[in-house]
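A.B. asks: Just so you know, we're using this note's numbering here: the sequence shown kicks off at 286 and counts up by one. I'd like to ask some things about the structure below.
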Amino acid sequence: MEFVSGFKRYMLKPDSKVQNLKEQIENLRYQRDRVQHFIDVSKEKGQEFDQDGKIWVNRAEEKIKEEEETVKNLEAQAKKRCFLGLCPNLKSLDLLNKKAEEDAQAVLELIQQASIFI
Numbered sequence: 286m287e288f289v290s291g292f293k294r295y296m297l298k299p300d301s302k303v304q305n306l307k308e309q310i311e312n313l314r315y316q317r318d319r320v321q322h323f324i325d326v327s328k329e330k331g332q333e334f335d336q337d338g339k340i341w342v343n344r345a346e347e348k349i350k351e352e353e354e355t356v357k358n359l360e361a362q363a364k365k366r367c368f369l370g371l372c373p374n375l376k377s378l379d380l381l382n383k384k385a386e387e388d389a390q391a392v393l394e395l396i397q398q399a400s401i402f403i
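Quick look at the structure:
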């Protein structure tokens, strides 16, 4: 039964989860820039910014690089076909979309942590 629901899902929106991951990466990049801006402004004013904020910025940068690489891999694997290249490999697409969904959730959690520093 899961195969049938997966088939319907990919026939309607084959790359929606990967697109969602891309959007979450952009949101994380935006939040990273905001936190970095607050750090820079604090330095200019001679104030000390929380060390946790600096650590968060570093974690965000690492996560952005990691997830951009993941997106490239997911898109490359999504192009793989089964049965002489005539149809999409639905099982592979299902696994890839689950990975994209999990990664998007991890990125979202990191984005939510940014509110502590702003």
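Even for Gly, the Cβ is constructed at its ideal location relative to N, Cα and C.
Excluding the 5 residues flanking E360 on each side, which residues of the same chain have their C-beta closer than 7 Å to its C-beta?
C.D. replies: Residue mapping note: residue 360 aligns to position 75 of the sequence shown, counting from 1. Excluding residues within five positions, the ones whose Cβ falls inside 7 Å are V303.
A.B. asks: Taking just the CA atoms, how far does E386 sit from S377?
C.D. replies: The residue given as residue 377 occupies position 92 in the sequence shown. The residue given as residue 386 occupies position 101 in the sequence shown. The alpha-carbon atoms of S377 and E386 are separated by roughly 14 Å.
A.B. asks: Cα separation between A391 and L306?
C.D. replies: In the sequence shown, the residue the question calls residue 391 occupies position 106. In the sequence shown, the residue the question calls residue 306 occupies position 21. Each residue's Cα considered, the two are about 10 Å apart.
A.B. asks: Closer than 6 Å by C-beta to E351: which residues in its own chain qualify, once you throw out the five before and the five after it? Chain order, please.
C.D. replies: Along the sequence shown, read from residue 1 onward, the residue named residue 351 stands at position 66. Answer for E351: no residue qualifies.
A.B. asks: Are A399 and V320 touching if we call contact CB-CB under 7 Å?
C.D. replies: Against the sequence shown, residue 399 aligns to sequence position 114. Against the sequence shown, residue 320 aligns to sequence position 35. Yes. Within cutoff.
A.B. asks: Could you give the residue range of the alpha helix (DSSP H) that holds I310?
C.D. replies: As a position in the sequence shown, residue 310 is number 25, starting the count at 1. Here the alpha helix (DSSP H) through I310 covers 301–329.
A.B. asks: Nearest CA to the CA of E394: which residue from K357, A345, S301?
C.D. replies: Residue 394 sits at position 109 when you count from the first residue of the sequence shown. E394 has its Cα closest to that of A345, out of K357, A345, S301.
A.B. asks: From E333 to S301, what distance separates their C-alpha atoms?
C.D. replies: Working through the sequence shown from its first residue, we reach residue 333 at position 48. Working through the sequence shown from its first residue, we reach residue 301 at position 16. Whole-angstrom Cα-Cα distance: 42 Å.
A.B. asks: Given a cut-off of 7 Å on the beta-carbon distance, is the pair V342 and R317 in contact?
C.D. replies: Against the sequence shown, residue 342 aligns to sequence position 57. Against the sequence shown, residue 317 aligns to sequence position 32. A contact, by the Cβ cut-off of 7 Å.
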